[in-house]
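Protein chains in written order, with this note's numbering: chain A, 567 to 1218; chain B, 8 to 149.
So, in C-alpha cells, the structure goes:
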C-alpha cells in the first residue's frame, strides 16, 4: 500500500490509560497541552492537532512538518523541550522509527519518504479478551425458567414500574442495599454498611463468585503470585479491616514472634517503620490477605447476603429505586428492586497487544502467544522440560513477576532465555514538580501503582480539587508502568543481563507471524542501519495490562447508553467526589460506583485495597447524609466499639 | 501515612494537647520524682507552636520525594530535631523562654521523650480507631 508523502503513523502508549494509540496523520502535526493554543493552519495547510495531557507538556509544544522531502520536528519554545532519540532537539530532521519524547509521552514516528507505504496498525480499542471466569458456575436452578437474553418490555422504559416486574411472574426481591459485582469492591462497601448499622437482611451482593476475592485471586495466580508470594500492597490496606490497624506487618510480626522467631518479626516492623526510604516496602503475602478476608466475610454475614447472578441490566424505577435484572442460572431471569445500588464490577476485559491478538486470530494458536493474566502455566512447564526462548512485552509489575517466575524455571532448566521487548529506552524517570521517579535498567520504580500520597496525602487532595482536564494531566504525570523496588528482583535482572540469559531489546513491532516451524516470529523496526530485525521465540507473553473502559462491559455499556451517562476523560464512569453517579439519582435512591470503572475521576488509586476502602467510606457518608435506612454515621465512639467487635471477631 | 499540612497541624495540636498534656501534667505535679512546676506545661506549648512552623518545612521537604510521603522513620528524625532545637535555644543560646524558669536538661529529655513516644504510639493506633477518616485525609480529623 502506498502513502501520501508527509504521512506519519504515530504510535504511543497513553500514560493514563495504558492504551496503545496509533493514528495515521498527514503533516503538519502539532502537539500540545491545549487544543486552542495550537495553530489550525500552517502555510495554508490544515494542522492535525494532538492534545497531550501532562503538566510537562507546553500548551503548544512541538510541530512535525514535511519540508523539502524530509520530516522535520521543531520545538515551539516549550518549557521542557522536545527529545528525539534521547537527545534534546530544538529542530531536526527525523528518520523512520525515531522516538519523540514530549513530557511523559514517548511517540514513535513511522513513515516512508518515497510513498512506498506503511504497515497497517490495528486499533487497540478492539484488542481485548475477556477476563478469565470460573470454570463451572455454581448454581442449580431454584426458579422457573425464562428465556435468557430477553429482558421484559418494561426494561425498555427509562423508569420501570415495579408492578410490571411482578406481572412477568418472574422472581422479584425488594431490598435496601444492593452491591453489583460481589467482588472486593462490593465486599468492602458491604462491610462499611454492616458496621454502620445495616442488617444482613437489608443487603444483597450479586455476582458470579461466592468468595469476594475469587476473581482477584485468579488474576494473581495467573500472573504468577501464588499464596506465599507477596502482593503489591501496603501493610495497612486491609480489605478485612477498615481501620487498617493492626496492619498485615504487625499481624505477621506477632505471628512470627509467637513462633519464637524474633528476627523476621523485627524485620517486618523495621520495614513498616522505615519504608520506602531506608528499606524496601513491606507487602503482605497473598495467602494471608485471602485468609483474613475469609474470616471477615463470615463475621459480617457475607454468605447470607451473597446471591449468584449475572447482572444484565439496571433501570431506575418510578418510585425512586432501581430495578436490576439478573440471571440466577442458565436461561433464567430474576429481579431485585433496591433503594441504593453500588457498582463495583472490576475490570471487564484484558488488554491485548493488537499484533499479538491478530497472531492468535490468524493462527488459532493460543498456546505460544499468551496474555499474562490468562492461565499460562503450560509455558513454564514446557520451558522447564525442554528449555526455550520467551519474548516478554510490557514492563510493569506483572512483567516483573513473569521474569521472576522464568528465573525460577531456569533453576530446573538453565536453557531458558528471556528477550524483553520494550518500545523505548527509559533513561530517566517521570518528573512531577520537584520530584523524580527512580530508574534502573529501563524499569521505573515506585512502591505501589501510584505515588503514595495519592491514597491519603497531598496528591489525593489536589486530584480531588482539580478539574477533569487537570486530573488527566496529573494522572499522566504520576502514572505509567512501574514496578516495585525490590532489591532481590533488581539483583536477579542484573545477573540475567550479566550472564546473558536476560536481554532487553528496543523497537517498534511491525508484525508477528509464524515461521516455518510455527513459532511466533516478531518483526521489529529498529533505528539505524539494521532496520527491520526479527526475533524468534517459543513463547510470547503479553504483560501489558487490564482494561477498564466501561464500553467493554455489556452491563455498563447498556447503562451508559440508556441513561446517556457522562464519561470522564479516561472513558470511565463520571462520578462525584463521593463516588455517586449523579445522573442516576432517583428521588431518594442513590447509585455509587467504585473500583476500576471510576478511574480518571477524583481518586487515582481506585483499584487498590485502600482505594476501595476510601471509596466505600465516601459513598457511605453520602448515604448517611441521604438518610438511608438504618445507617448511622461512623463517629469516634461507634468506630471504636466496632473495632473492638472486629478484634474479638464478633458480628457487627 | 502521607500527611497534608493541615493534617500535620491538626494531629499535632490534638495529640499534644490530649495525650501530651496528660503526661505533662504528671510532670508538673512532680509525679516522676522530678522538681515540680508549670515549666513543663509551657515547654509543651512551645513544642506545639514551633512545631507548626516545622510542619511547614516538612511539607516543603516532602515535595522533593517522589511519593510525597513521610515514613515513621522521618517522623522520628523530625522529633529528634525538634527536641534538640529546644535544647539549643535553652542550653546553648541561653534564651529564656517565658514560663520555663527552672530549666533542667535531664528532666526535659525525659519529659520530651515520654510525650513524644506516647503521641507516636497513639497516632499509630488509637487515632485510626477513633477517627476512621483520619488516615484517608492526610491526618485531618476535623
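Glycine is no exception: its CB is placed at the ideal position from the N, C-alpha and C atoms. These numbers come from a predicted model, not from an experiment.
Segment limits, alpha helix (DSSP H) that includes residue 130(B):
By 1-based counting over the second chain, the position of residue 130(B) is 123. Segment 112-131, the alpha helix (DSSP H) holding residue 130(B).
### Task
At 8 Å on the CB atoms, spell out the chain A contacts of residue 80(B), in chain order.
Position 73 of the second chain, counting from 1, holds the residue named residue 80(B). Around residue 80(B), the beta-carbon contacts reaching into chain A at under 8 Å are 839, 840, 843, 844.
Residue from 1154(A), 933(A), 909(A), 1195(A) with nearest C-alpha to residue 1126(A):
By one-based count along the first chain, residue 1126(A) stands at place 560. Considering only alpha carbons, the answer is 909(A).
Check: What does residue 76(B) touch in chain A if you count any residue whose Cβ is under 7 Å from its own?
Finding: Looking up residue 76(B) in the second chain gives position 69. 1018, 1019, 1023, listed in chain order.
Proximal chain B residues relative to residue 809(A), where beta-carbon distance stays under 9 Å:
In the first chain, residue 809(A) corresponds to position 243, counting from 1. Per Cβ cutoff of 9 Å: 135, 136, 139, 142.
So, does the CB of residue 10(B) fall closer than 8 Å to a CB anywhere in chain A? Mapped onto the second chain, residue 10(B) falls at position 3. Interface criterion met: the Cβ of residue 10(B) is under 8 Å from a Cβ in chain A.
* So, are the CB atoms of residue 596(A) and residue 626(A) less than 8 Å apart? -> Counting from one through the first chain, the residue named residue 596(A) turns up at place 30. Counting from one through the first chain, the residue named residue 626(A) turns up at place 60. Between residue 596(A) and residue 626(A), the C-beta spacing is below 8 Å.
Amino acids of chain B, ordered along the chain, whose beta-carbon sits closer than 7 Å to that of residue 1027(A): Against the first chain, residue 1027(A) aligns to sequence position 461. 11, 145, listed in chain order.
Other residues of its chain near residue 1113(A): CB distance less than 6 Å, five sequence neighbours each side excluded = Mapped onto the first chain, residue 1113(A) falls at position 547. The residues are 694, 915, 917.
8 Å CB neighbourhood of residue 783(A) in its chain, flanking five on each side removed:
Counting from 1 along the first chain, the entry for residue 783(A) is found at position 217. Taken in chain order, the residues that qualify are 777, 852, 856.
Contacts of residue 72(B) in chain A (Cβ-Cβ under 7 Å): Translated into the one-based positions of the second chain, residue 72(B) becomes position 65. 1001, listed in chain order.
**OP:** Note down, one range per segment and in chain order, each alpha helix (DSSP H) of at least 4 residues found wholly within the region 783-865 of chain A.
**Re:** Listed in chain order, the complete alpha helix (DSSP H) runs (minimum 4 residues) inside the region 783-865 of chain A are 814-824, 828-840.
### Minimum C-alpha distance to residue 43(B) - residue among 114(B), 148(B), 142(B), 73(B)
As a first step, residue 43(B) is located in the second chain; it is residue number 36 there, counting from the start. Of the candidates 114(B), 148(B), 142(B), 73(B), the one whose C-alpha sits nearest the C-alpha of residue 43(B) is 114(B).
- Query: Interface residues of chain B around residue 1206(A) at Cβ under 9 Å?
  - Reply: Indexing the first chain from 1 puts residue 1206(A) at position 640. The answer, in chain order, is 133, 136, 137.
Please decide whether residue 1202(A) counts as near chain B, where near means a Cβ-Cβ distance under 8 Å.
Along the first chain, read from residue 1 onward, the residue named residue 1202(A) stands at position 636. By the rule that beta-carbons nearer than 8 Å mark a contact, residue 1202(A) touches chain B.
Looking at the structure shown, is residue 579(A) part of a helix, part of a strand, or coil, going by DSSP? Your numbering for residue 579(A) matches position 13 in the first chain. Three-state DSSP puts residue 579(A) in a strand.
| task | Would you list, in chain order, the members of the region 592-620 of chain A that have their beta-carbon closer than 7 Å to a beta-carbon of chain B? | result | Within the region 592-620 of chain A, no residue qualifies.
| request: Please compile the residues from chain B whose C-beta is within a distance smaller than 8 Å of the C-beta of residue 649(A). | output: In the first chain, counting from the first residue as 1, residue 649(A) sits at position 83. Annotation: residue 649(A) has no Cβ neighbours in chain B at a cutoff of 8 Å; minimum Cβ distance is about 21 Å.
**Item:** Contacts around residue 867(A), its chain only, beta-carbon distance under 8 Å, and the 5 residues preceding and following it disregarded
**Value:** For the purposes of this step, residue 867(A) is taken as residue 301 along the first chain, with counting starting at 1. The answer, listed in chain order, is 760, 766, 1217.
*asked:* Would residue 1017(A) and residue 1025(A) qualify as a contact pair, given that the criterion is a beta-carbon distance under 8 Å?
replied: Position 451 of the first chain holds residue 1017(A). Position 459 of the first chain holds residue 1025(A). Yes, Cβ-Cβ distance for residue 1017(A) and residue 1025(A) is below 8 Å.
Using a Cβ-Cβ distance cut-off of 8 Å, determine whether residue 820(A) contacts chain B.
As a working mapping, residue 820(A) is identified with position 254 in the first chain. With its beta carbon at least 8 Å from every one in chain B, residue 820(A) lies outside the interface.
Can you list the residues of chain E that residue 1180(A) reaches, using a CB-CB cut of under 8 Å?
Absence of chain E from the displayed structure is noted, the protein chains being A and B.
Practice problem: Taking only the alpha-carbon atoms, compute the straight-line gap between residue 1105(A) and residue 877(A) and give it to the nearest angstrom. | Solution: Within the first chain, residue 1105(A) is the residue found at index 539, counting from 1. Within the first chain, residue 877(A) is the residue found at index 311, counting from 1. Looking at the backbone, the Cα of residue 1105(A) and that of residue 877(A) are separated by about 36 Å.
Which residues share a DSSP beta bridge with residue 1152(A)? Taking the first chain and counting its residues from 1, one reaches residue 1152(A) at position 586. In DSSP, residue 1152(A) forms a bridge with 1155(A).
- Under a CB-based cut-off of 8 Å, is residue 1183(A) close to chain B? Within the first chain, residue 1183(A) is the residue found at index 617, counting from 1. Chain B, which has a Cβ nearer than 8 Å to the Cβ of residue 1183(A), makes this yes.
By the three-class DSSP mapping on this structure, what secondary structure does residue 953(A) have? Locating residue 953(A) in the first chain gives position 387, counting from the first residue. Coil at residue 953(A), not helix or strand.
Q: Starting from the beta carbon of residue 1209(A), find every residue of chain B whose beta carbon is closer than 8 Å, and list them in chain order.
A: Against the first chain, residue 1209(A) aligns to sequence position 643. Those are 136, listed as they occur along chain B.
Original post:
Where does residue 35(B) sit, in a helix, a strand or coil, going by DSSP?
Top reply: As a working mapping, residue 35(B) is identified with position 28 in the second chain. Correct three-state label for residue 35(B): helix.
- Is it right to say residue 1061(A) is buried, meaning 16 or more other beta carbons lie within 10 angstroms of its own, or is it exposed? Within the first chain, the letter at position 495 stands for residue 1061(A). Exposed: under 16 other Cβ atoms inside 10 Å.
Which same chain residues, not among the five before or five after residue 818(A), have their C-beta less than 6 Å away from its C-beta?
In the first chain, counting from the first residue as 1, residue 818(A) sits at position 252. Once the five neighbours on either side are set aside, the close Cβ partners of residue 818(A) are 834.
Exercise for the section: Taking C-beta pairs closer than 9 Å, name the residues in chain B that residue 1013(A) reaches, listed in chain order. Expected result: Within the first chain, numbered from 1, the residue matching residue 1013(A) stands at position 447. Result: 74, 76.
- Query: Of the choices 779(A), 1197(A), 733(A), whose alpha-carbon is the least far from that of residue 753(A)?
  - Reply: Here residue 753(A) refers to the residue found at position 187 of the first chain. Residue 753(A) has its Cα closest to that of 779(A), out of 779(A), 1197(A), 733(A).
Q.
Starting from residue 52(B), trace the beta strand (DSSP E) in both directions and tell me its first and last residue.
A. By 1-based counting over the second chain, the position of residue 52(B) is 45. Membership of residue 52(B) in any beta strand (DSSP E) is not indicated; the residue belongs instead to the alpha helix (DSSP H) covering 46-69.
| Beta carbon of residue 1179(A), beta carbon of residue 808(A): below 8 Å? | Counting from one through the first chain, the residue named residue 1179(A) turns up at place 613. Counting from one through the first chain, the residue named residue 808(A) turns up at place 242. Judged by beta-carbon spacing, residue 808(A) lies within the 8 Å limit of residue 1179(A), meaning their Cβ atoms are closer than that value.
Residue closest to residue 628(A), alpha-carbon to alpha-carbon, out of 618(A), 978(A), 634(A): If you number the first chain from 1, residue 628(A) lands on position 62. That would be 618(A), whose Cα lies nearest to the Cα of residue 628(A).
- Hey, residue 670(A) and residue 1043(A): beta-carbon distance below 8 Å or not? As a working note, residue 670(A) is residue 104 in the first chain. As a working note, residue 1043(A) is residue 477 in the first chain. Yes, they are a contact pair.
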